[in-house]
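Going by my numbering, the sequence shown opens with residue 1, and the numbers climb by one from there.
By construction, the Cβ of each residue, glycine as well, lies at the ideal position given by its N, Cα and C atoms.
Since we're looking at a predicted model, the values are computed, not measured.
So the structure is just underneath, and the comments pick up after that.
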Amino acid sequence: MRLITLEEHYRSERVNKEIGEAGDYFRAANSAGERMAAGRLANLSDLGARRLEDMDRAGIDVQVLSHTHPSPEILTAARAIPLCRIVNEELADAVARYPKRFAAFATLPVADPRAAASELEWAVGAGFRGALINGVTQGRFLDDPFFTPLLERAEALGVPIYIHPAPPPEPVREAYFSGLEPWLARMLSIAGWGWHAEVGLHTVRLIANGVFDRHPNLQIVIGHMGEMIPFFLARINEVVTPFARLQKEFAAYFHSNIHITTSGVFTSPPFNLCLEVVGIDRLLFSVDYPYAPNEAGRGFLEKITLAPVDFEKFTHGNAEKLLKIA
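Listed below in structure tokens is the structure:
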């Protein structure tokens, strides 16, 4: 059984230092999650033996690597452009050393969409399989016309964009998660609820604001069993479609332009829901390493029941097709 995982994290120690104080809010907000996974995070910056040993223990054949918080993409373009290249060169080096074990998503200087488009083109030329973007960019969601150059380039290159959660902007944190014990507030604002709701909203906005009418071949990946959208898809479709100026019903775009990974969610009920609502061809196995252990992901595979052909699609076939991994 071949296993490919798509939401597997890395942190550049050099870039983390150079981001400096600009990343303090993200480090503090994410500290609850990192506290919970402290033992495993020793391997976050490793792109060699320790990571491979973790993969081998769970039978993970390929990790698609991406940079975690804080990412250079939170910076102004002038600072982000060189730091994104450093991250991408580090990941490219790891893939070159272990081409059968690693692939990568590019980190992009999204504050300058034209520079981000150029970096994506460089990265794809270097063998990257797409890009991963963490949350909103300086208050903008990707449906903003500001990002058109980047979305056009991703569509033209035929590579997906993975939208990953980020700690909420300070006004959102204050409005929704104040008045709680600090560690509880931090966890609720990120992995406990907040950032899944934000990526769900981000994805809904992409569809509702016509991104896929403008870019019909653009493919988006979201994690965590679809960031709650599959549960509400029928209702969103019914309520939003009459008010959105779209060429098709809302749900049609979710079935043609969105892919879902299992990252960090290892129980059968949400998987069965996704299977029924979305279908096997757009479901991809992922772990969320090292925040989640590879063993938990592998154990999840023993809980689900799929026909052999569907099991192959889920564990590696869909990823091979989407990311063009041999």
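{"Asked": "For the beta strand (DSSP E) holding L132, just list the boundary residues, first then last.", "Found": "A131 to N134"}
{"Asked": "DSSP state of R140, grouped into three classes?", "Found": "strand"}
{"Asked": "Quick test of the definition: if touching needs 3 or more C-beta pairs under 8 Å, does the stretch 202-214 touch the stretch 227-239?", "Found": "yes"}
{"Asked": "Between R153 and A117, is the Cβ-Cβ spacing less than 7 Å?", "Found": "yes"}
{"Asked": "Could you name the residues of the same chain whose beta carbon sits closer than 8 Å to that of T315, not counting the 5 residues immediately before and after it, in chain order?", "Found": "M1, R2, L3, I4, F285 and L301"}
{"Asked": "On the criterion of 16 or more Cβ atoms from any shown chain inside 10 Å, does T68 qualify as buried, or is it exposed?", "Found": "buried"}
{"Asked": "Cα separation between N257 and L83?", "Found": "30 Å"}
{"Asked": "DSSP on V64, reduced to helix/strand/coil?", "Found": "strand"}
{"Asked": "Among residues of its own chain, excluding the 5 on either side of E370, which ones have a beta-carbon nearer than 6 Å to its beta-carbon?", "Found": "Given that the chain is displayed from residue 1 to residue 326, the structure contains no residue 370 and the question cannot be resolved."}
{"Asked": "Cα-Cα, which of M55, F128 and P242 is closest to L322?", "Found": "F128"}
{"Asked": "Express the C-alpha separation of G33 and E73 in angstroms, rounding to a whole number.", "Found": "20 Å"}
{"Asked": "Would you kindly check if the distance between the Cβ of P168 and the Cβ of G333 is under 7 Å?", "Found": "Because the chain spans 1 through 326 in this model, residue 333 falls outside it and cannot be assessed."}
{"Asked": "Would a C-beta distance cut-off of 7 Å place L6 and P290 closer than the cut-off?", "Found": "no"}
{"Asked": "N318 and D288 look like a contact to me (Cβ under 8 Å); what is the Cβ gap, rounded to whole Å?", "Found": "Their Cβ separation, rounded to whole angstroms, is 17 Å, which puts N318 and D288 out of contact at 8 Å."}
{"Asked": "Quick check: what's the CA-CA separation for A115 versus H196?", "Found": "28 Å"}
{"Asked": "Flag this pair as touching only if the stretch 265-283 and the stretch 226-233 have three or more C-beta atom pairs under 8 Å; answer yes or no.", "Found": "yes"}
{"Asked": "Taking the straight line between their C-alpha atoms, what separation do you get for V278 and V15?", "Found": "37 Å"}
{"Asked": "Output yes or no for whether 7 Å exceeds the beta carbon distance between H224 and E155.", "Found": "no"}
{"Asked": "For R51, count the other beta carbons within 10 Å of its own beta carbon; 16 or more makes it buried, fewer makes it exposed. Which is it?", "Found": "buried"}
{"Asked": "With F102 and A131 assumed to form a contact (beta carbons below 8 Å), what rounded beta-carbon distance in angstroms separates them?", "Found": "Rounded, the Cβ-Cβ distance is 16 Å, inconsistent with contact."}
{"Asked": "Taking only runs that begin and end inside the stretch 105-130, name each unbroken alpha helix (DSSP H) of 4 or more residues, in chain order.", "Found": "113-125"}
{"Asked": "By Cβ distance below 6 Å, which residues in the same chain neighbour L330 in space, the five residues on each side in sequence not counted?", "Found": "This structure leaves residue 330 out entirely; the chain is present only between 1 and 326."}
{"Asked": "Identify which residue in F147, P182 and V95 has its Cα closest to the Cα of N30.", "Found": "P182"}
{"Asked": "Mind checking which residues open and close the alpha helix (DSSP H) that includes E73?", "Found": "Run containing E73: none; DSSP gives neither H nor E here."}
{"Asked": "Alpha carbon to alpha carbon, what distance is there between T241 and L275?", "Found": "23 Å"}
{"Asked": "With 16 as the cutoff for other CB atoms within 10 Å, does A326 come out buried or exposed?", "Found": "exposed"}
{"Asked": "Keeping to the same chain, check which residues put their C-beta closer than 8 Å to that of A77; ignore five residues upstream and five downstream.", "Found": "P109, A111, D112 and A115"}
{"Asked": "For my contact list, E121 and R85 are in at a C-beta cut-off of 8 Å; report their separation, rounded to the angstrom.", "Found": "Contact flag wrong, Cβ pair sits at about 13 Å."}
{"Asked": "Helix, strand or coil for Y162, going by three-state DSSP, please let me know.", "Found": "strand"}
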